[in-house]
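Peer 1: Have a look at this one.
2 protein chains.
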Amino acid sequence: MTGSLSIIGIGPGREDLVTPQVRAAIDRATDVVGYIPYVERIAARPGLTLHPSDNRVELDRSRHALDMAMQGRHVVVVSSGDPGVFAMAAAVFEAVEAGPADWRRLPIEVLPGITAMLAASAACGAPLGHDFCAINLSDNLKPWAIIEKRLRLAAEADFAMAFYNPRSKSRPEGFARALDVLKDACGDARPMIFARNVTRPDQTIRVVPLPDTTPDMADMRTLVILGSSTTRLITRPDGAAPWIYTPRSVPA
Amino acid sequence: MTGSLSIIGIGPGREDLVTPQVRAAIDRATDVVGYIPYVERIAARPGLTLHPSDNRVELDRSRHALDMAMQGRHVVVVSSGDPGVFAMAAAVFEAVEAGPADWRRLPIEVLPGITAMLAASAACGAPLGHDFCAINLSDNLKPWAIIEKRLRLAAEADFAMAFYNPRSKSRPEGFARALDVLKDACGDARPMIFARNVTRPDQTIRVVPLPDTTPDMADMRTLVILGSSTTRLITRPDGAAPWIYTPRSVPA
Numbered sequence: 165m166t167g168s169l170s171i172i173g174i175g176p177g178r179e180d181l182v183t184p185q186v187r188a189a190i191d192r193a194t195d196v197v198g199y200i201p202y203v204e205r206i207a208a209r210p211g212l213t214l215h216p217s218d219n220r221v222e223l224d225r226s227r228h229a230l231d232m233a234m235q236g237r238h239v240v241v242v243s244s245g246d247p248g249v250f251a252m253a254a255a256v257f258e259a260v261e262a263g264p265a266d267w268r269r270l271p272i273e274v275l276p277g278i279t280a281m282l283a284a285s286a287a288c289g290a291p292l293g294h295d296f297c298a299i300n301l302s303d304n305l306k307p308w309a310i311i312e313k314r315l316r317l318a319a320e321a322d323f324a325m326a327f328y329n330p331r332s333k334s335r336p337e338g339f340a341r342a343l344d345v346l347k348d349a350c351g352d353a354r355p356m357i358f359a360r361n362v363t364r365p366d367q368t369i370r371v372v373p374l375p376d377t378t379p380d381m382a383d384m385r386t387l388v389i390l391g392s393s394t395t396r397l398i399t400r401p402d403g404a405a406p407w408i409y410t411p412r413s414v415p416a
Numbered sequence: 165m166t167g168s169l170s171i172i173g174i175g176p177g178r179e180d181l182v183t184p185q186v187r188a189a190i191d192r193a194t195d196v197v198g199y200i201p202y203v204e205r206i207a208a209r210p211g212l213t214l215h216p217s218d219n220r221v222e223l224d225r226s227r228h229a230l231d232m233a234m235q236g237r238h239v240v241v242v243s244s245g246d247p248g249v250f251a252m253a254a255a256v257f258e259a260v261e262a263g264p265a266d267w268r269r270l271p272i273e274v275l276p277g278i279t280a281m282l283a284a285s286a287a288c289g290a291p292l293g294h295d296f297c298a299i300n301l302s303d304n305l306k307p308w309a310i311i312e313k314r315l316r317l318a319a320e321a322d323f324a325m326a327f328y329n330p331r332s333k334s335r336p337e338g339f340a341r342a343l344d345v346l347k348d349a350c351g352d353a354r355p356m357i358f359a360r361n362v363t364r365p366d367q368t369i370r371v372v373p374l375p376d377t378t379p380d381m382a383d384m385r386t387l388v389i390l391g392s393s394t395t396r397l398i399t400r401p402d403g404a405a406p407w408i409y410t411p412r413s414v415p416a
């Protein structure tokens, strides 16, 4: 009996952003493994066992999923957004590499999803319309010095930047430090976008010039985008939110 | 009569990667505007007019779409992948900013899609599982010096990198120069992934150590990913393709 493992992304929140490919994988699954709020998005049905688990147990969760697949189950590991962007796919492959040789025989597939930065970008225009980078601001798994170095080099490269996990209760000071570095490294008033609960009914999009940003503007439900030096704001009449975009060209 | 403009992404190729949100926008549209091969992916039906156009006319195409929306049409501007990543969204907003003030009153929405780098990443594991950047290697719209600077800074930041538009018939030498810069700046044998026609029936994924890469390995249908210094290859038995992933953590 051959099991399987599908590492899927269910997008940032709206149900009509779940791809049909991912929907079909859920329909085939016997077991769904993942962080509690993501597993809660999967509808219960006969024949499907839900295995919600807490945050910060990604490797245990991965091993559990791999074990069940070895036993012939059809296991789905669920992430929000895209599973390959600061999500479960890397954790599963870390577990595979360190695990029993037999795990390498399993059929493992990764099914992409709409990652939060692209939904946030779409919600306000096209701020990632030119070269950009994506940085996880959590220092759970990397030293702060690496984060600061990357922020400074990204500013020097004039990338637009998308920031995941900007701020948590356990690390309230990290985002303040990141903002200080960015204000120093960029030295201008380019827009920063705070997209909270993006694509959900309670979505909020706030656009603030970088010098006016404060750490409390982000929490763990916020995806933050910082424009490049060329990013533009298009004002609109009648109090409508501005559109923000980064042009495709860089003058010589 | 109020028209509308939806800038949509139809993903990299597989039809089951088109989100239901995008499918609904296509179903509502009266007009579809876009580059010929992308418009060809939209099914003809009564009441829908298709407006395919050639490459490199993005601003003309945008103005045409905006004009039609002003006339009350429900216009869809189609991109492959995600419309906000090296695609039509930035072009439309460039046209809006330079165009008549009335265009700013239009309801314009951007609907995200699965961008090629995330589909390519999923096809081979999770090479973008940690901090990464996305760079358009085309020098149509920016000087080569900017590209080289960004490649060197991205290597110094130790980002994984995704490259769009690596090589075209009109610019055969650009990718060769990019490879020279990357080999020099990285100085190791990290894997480069050449994902051609990703998610299509004729998809090919080729993984080559950076020092062994040659310019002919990419064309305009190839999405190229370069790992970071920490990216890992998991070998598999019986000739199966390796899995490639970038771990979530960076040691202190």
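Chains as they are written, first to last, in my numbering: chain A, 165 to 416; chain B, 165 to 416.
Ideal Cβ positions, reconstructed from N, Cα and C, are used throughout, including at glycine.
Assuming the contact rule is C-beta atoms closer than 8 Å, alanine 342 (chain B) and phenylalanine 358 (chain B) should be a hit. Round their C-beta distance to whole Å, please.
Peer 2: Stepping through the second sequence from its first residue, residue 342 (chain B) is reached at position 178. Stepping through the second sequence from its first residue, residue 358 (chain B) is reached at position 194. No, alanine 342 (chain B) and phenylalanine 358 (chain B) are not in contact; Cβ-Cβ is about 13 Å, not under 8 Å.
Peer 1: In chain order, what residues of the same chain have a beta carbon less than 7 Å from the beta carbon of alanine 253 (chain A), not counting five sequence neighbours either side?
Peer 2: Position 89 of the first sequence, counted from the first residue, corresponds to residue 253 (chain A). Here the set comprises Ile171, Pro247 and Val274.
Peer 1: Using a Cβ-Cβ cut-off of 8 Å, state whether asparagine 361 (chain A) counts as contacting chain B.
Peer 2: Position 197 of the first sequence, counted from the first residue, corresponds to residue 361 (chain A). With 8 Å as the cut-off, asparagine 361 (chain A) does not count as an interface residue toward chain B.
Peer 1: Between the stretch 298-307 of chain A and the stretch 303-318 of chain B, do three or more beta carbon pairs fall short of 8 Å?
Peer 2: Output reads no: the stretch 303-318 of chain B does not touch the stretch 298-307 of chain A.
Peer 1: Kindly list the residues whose CB is nearer than 6 Å to the CB of phenylalanine 339 (chain B), restricted to its own chain and excluding five residues on each side of it in sequence; keep chain order.
Peer 2: Start at 1 with the first residue of the second sequence, and residue 339 (chain B) comes out as number 175. Correct list, in chain order: Pro330, Arg331, Pro379 and Ala382.
Peer 1: Check whether the stretch 190-201 of chain A and the stretch 233-243 of chain A are in contact - that is, three or more C-beta pairs closer than 8 Å.
Peer 2: The stretch 190-201 of chain A vs the stretch 233-243 of chain A: in contact.
Peer 1: Could you tell me the alpha carbon to alpha carbon distance between threonine 363 (chain A) and leucine 212 (chain B), rounded to whole angstroms?
Peer 2: Taking the first residue of the first sequence as position 1, residue 363 (chain A) is located at position 199. Taking the first residue of the second sequence as position 1, residue 212 (chain B) is located at position 48. Using only the alpha carbons, I get a separation of about 28 Å.
Peer 1: Report the neighbours of histidine 294 (chain B) on chain A: residues whose CB is nearer than 9 Å to its CB, in chain order.
Peer 2: Taking the first residue of the second sequence as position 1, residue 294 (chain B) is located at position 130. Per Cβ cutoff of 9 Å: Phe250, Ala254, Asn300, Leu305 and Lys306.
Peer 1: Would you kindly check if the distance between the Cβ of leucine 181 (chain B) and the Cβ of leucine 270 (chain B) is under 8 Å?
Peer 2: Looking up residue 270 (chain B) in the second sequence gives position 106. Looking up residue 181 (chain B) in the second sequence gives position 17. No, Cβ-Cβ distance for leucine 270 (chain B) and leucine 181 (chain B) is not below 8 Å.
Peer 1: Who are the neighbours of alanine 224 (chain B) on chain A, taking C-beta pairs under 8 Å?
Peer 2: For the purposes of this step, residue 224 (chain B) is taken as residue 60 along the second sequence, with counting starting at 1. The sequence as given places aspartate at residue 224 (chain B); alanine does not occur at that position. Those within 8 Å of aspartate 224 (chain B) in chain A number zero; the least Cβ separation is about 14 Å.
Peer 1: For a test of the three-state rule: what should DSSP assign to glycine 391 (chain A), helix, strand or coil?
Peer 2: For this step, residue 391 (chain A) is matched to residue 227 along the first sequence. Correct three-state label for glycine 391 (chain A): coil.
Peer 1: Pairs of beta-carbons, one from the stretch 222-236 of chain B and one from the stretch 250-264 of chain B, closer than 8 Å: are there three or more?
Peer 2: Because the criterion of three Cβ pairs below 8 Å is met, the stretch 222-236 of chain B and the stretch 250-264 of chain B touch.
Peer 1: Please list the partners that leucine 317 (chain A) has in chain B, where partner means a Cβ-to-Cβ separation under 7 Å.
Peer 2: Sequence index remark: in the first sequence, residue 317 (chain A) carries index 153 (1-based). Here the neighbours are Leu317, Glu320 and Ala321.
Peer 1: Leaving out the 5 sequence neighbours to the left and right, which residues in its chain are closer than 6 Å to leucine 390 (chain A) when beta-carbon positions are compared?
Peer 2: As a position in the first sequence, residue 390 (chain A) is number 226, starting the count at 1. The residues are Met325 and Met356.
Peer 1: Is alanine 189 (chain A) buried or exposed, if buried means 16 or more other CB atoms sit within 10 Å of its CB?
Peer 2: Here residue 189 (chain A) corresponds to residue number 25 of the first sequence, with the count starting at 1. It is buried - the Cβ of alanine 189 (chain A) has at least 16 other Cβ atoms within 10 Å.
Peer 1: Using 10 angstroms around the beta-carbon of alanine 405 (chain B), count the other beta-carbons present and answer buried if the total reaches 16, otherwise exposed.
Peer 2: Your numbering for residue 405 (chain B) matches position 241 in the second sequence. Answer is exposed; the Cβ neighbour count stays below 16.
Peer 1: Helix, strand or coil for arginine 269 (chain A) per DSSP?
Peer 2: Here residue 269 (chain A) corresponds to residue number 105 of the first sequence, with the count starting at 1. Of the three classes helix, strand and coil, the one that applies to arginine 269 (chain A) here is helix, per DSSP.
Peer 1: Measure the alpha-carbon distance for leucine 387 (chain A) versus serine 285 (chain A) and round it to whole angstroms.
Peer 2: Reading the first sequence from its first residue, position 223 is the one you call residue 387 (chain A). Reading the first sequence from its first residue, position 121 is the one you call residue 285 (chain A). Near 10 Å, if we compare the C-alpha coordinates of serine 285 (chain A) and leucine 387 (chain A).
Peer 1: Please report the straight-line C-alpha distance between proline 201 (chain B) and glutamate 179 (chain B), rounded to a whole angstrom.
Peer 2: Within the second sequence, numbered from 1, the residue matching residue 201 (chain B) stands at position 37. Within the second sequence, numbered from 1, the residue matching residue 179 (chain B) stands at position 15. Answer to the nearest angstrom: the Cα atoms are 14 Å apart.
Peer 1: Aspartate 352 (chain B) to aspartate 322 (chain B), Cα distance in whole Å?
Peer 2: Within the second sequence, residue 352 (chain B) is the residue found at index 188, counting from 1. Within the second sequence, residue 322 (chain B) is the residue found at index 158, counting from 1. Approximately 12 Å between the Cα atoms of the pair.
Peer 1: So, is the C-beta of aspartate 231 (chain A) closer than 8 Å to a C-beta in chain B?
Peer 2: Taking the first sequence and counting its residues from 1, one reaches residue 231 (chain A) at position 67. Output row for aspartate 231 (chain A): interface = no.
Peer 1: Between the Cα of aspartate 295 (chain A) and the Cα atoms of A:Thr395, A:Thr183 and A:Thr399, which residue gives the shortest distance?
Peer 2: Indexing the first sequence from 1 puts residue 295 (chain A) at position 131. Of the listed residues, the one whose Cα sits closest to aspartate 295 (chain A) is A:Thr395.
Peer 1: With arginine 396 (chain B) as the anchor, note down where its beta strand (DSSP E) starts and where it stops.
Peer 2: To locate residue 396 (chain B), count along the second sequence from 1; it is residue 232. Run containing arginine 396 (chain B): 396-398, per the beta strand (DSSP E) assignment.
Peer 1: From B:Pro365, B:Leu346 and B:Arg360, pick the residue whose C-alpha is nearest to that of leucine 374 (chain B); which is it?
Peer 2: For this step, residue 374 (chain B) is matched to residue 210 along the second sequence. The candidate whose alpha carbon is nearest that of leucine 374 (chain B) is B:Leu346.
Peer 1: Report the neighbours of phenylalanine 257 (chain B) on chain A: residues whose CB is nearer than 7 Å to its CB, in chain order.
Peer 2: Walking along the second sequence from the start, residue 257 (chain B) turns up at place 93. Residues of chain A passing the Cβ test: Gly289, Ala290, Ile398, Trp407 and Tyr409.
Peer 1: Could you round the C-beta distance between threonine 410 (chain B) and serine 392 (chain B) to whole angstroms and report it? I think they count as a contact, below 8 Å.
Peer 2: Position 246 of the second sequence holds residue 410 (chain B). Position 228 of the second sequence holds residue 392 (chain B). About 6 Å separates the two Cβ atoms, so the contact holds.
Peer 1: Just reading off the beta strand (DSSP E) that glycine 198 (chain B) is part of, what are its end residues?
Peer 2: Residue mapping note: residue 198 (chain B) aligns to position 34 of the second sequence, counting from 1. Looking at the DSSP string, the run of the beta strand (DSSP E) that includes glycine 198 (chain B) is 195-199.
Peer 1: Across which residues does DSSP place methionine 234 (chain A) in a beta bridge pair?
Peer 2: As a working note, residue 234 (chain A) is residue 70 in the first sequence. The partner list for methionine 234 (chain A) (beta bridge, DSSP) is empty, contrary to what the question assumes.
Peer 1: Excluding the 5 residues flanking isoleucine 206 (chain B) on each side, which residues of the same chain have their C-beta closer than 7 Å to its C-beta?
Peer 2: Taking the second sequence and counting its residues from 1, one reaches residue 206 (chain B) at position 42. Closer than 7 Å at Cβ, skipping near neighbours: Ile190, Val196, Leu214 and Val242.
Peer 1: Assuming phenylalanine 327 (chain B) is part of the beta strand (DSSP E), what are its boundary residues?
Peer 2: Looking up residue 327 (chain B) in the second sequence gives position 163. Residues 324-328.
Peer 1: Kindly list, in the order they appear in chain A, the residues whose Cβ is closer than 7 Å to that of glutamate 261 (chain B).
Peer 2: In the second sequence, counting from the first residue as 1, residue 261 (chain B) sits at position 97. Neighbours of glutamate 261 (chain B) on chain A, chain order: Arg396 and Ile398.
Peer 1: Please look up how many angstroms separate the CB atoms of arginine 335 (chain A) and asparagine 361 (chain A), rounded, as I've assumed it's under 8 Å.
Peer 2: For this step, residue 335 (chain A) is matched to residue 171 along the first sequence. For this step, residue 361 (chain A) is matched to residue 197 along the first sequence. Wrong, their Cβ atoms sit about 20 Å apart, outside the cutoff.
Peer 1: Considering just the uninterrupted stretch of the beta strand (DSSP E) at isoleucine 172 (chain A), what are its terminal residues?
Peer 2: Start at 1 with the first residue of the first sequence, and residue 172 (chain A) comes out as number 8. 168-173 is the extent of the beta strand (DSSP E) around isoleucine 172 (chain A).
Peer 1: Here's the rule: buried if 16 or more other CB atoms are within 10 angstroms of the residue's CB, otherwise exposed. What is valine 221 (chain A)?
Peer 2: As a first step, residue 221 (chain A) must be located in the first sequence, where it is residue number 57. The residue is exposed, with fewer than 16 neighbouring Cβ atoms inside 10 Å.
Peer 1: Answer with yes or no whether the minimum CB distance from alanine 286 (chain B) to chain A is below 8 Å.
Peer 2: Your numbering for residue 286 (chain B) matches position 122 in the second sequence. Yes, alanine 286 (chain B) lies at the interface with chain A (some Cβ there is under 8 Å from its Cβ).
Peer 1: Please state whether DSSP places isoleucine 277 (chain B) in a helix, a strand or coil.
Peer 2: Translated into the one-based positions of the second sequence, residue 277 (chain B) becomes position 113. Looking at the sequence provided, one finds glycine at residue 277 (chain B) rather than isoleucine. Of the three classes helix, strand and coil, the one that applies to glycine 277 (chain B) here is coil, per DSSP.
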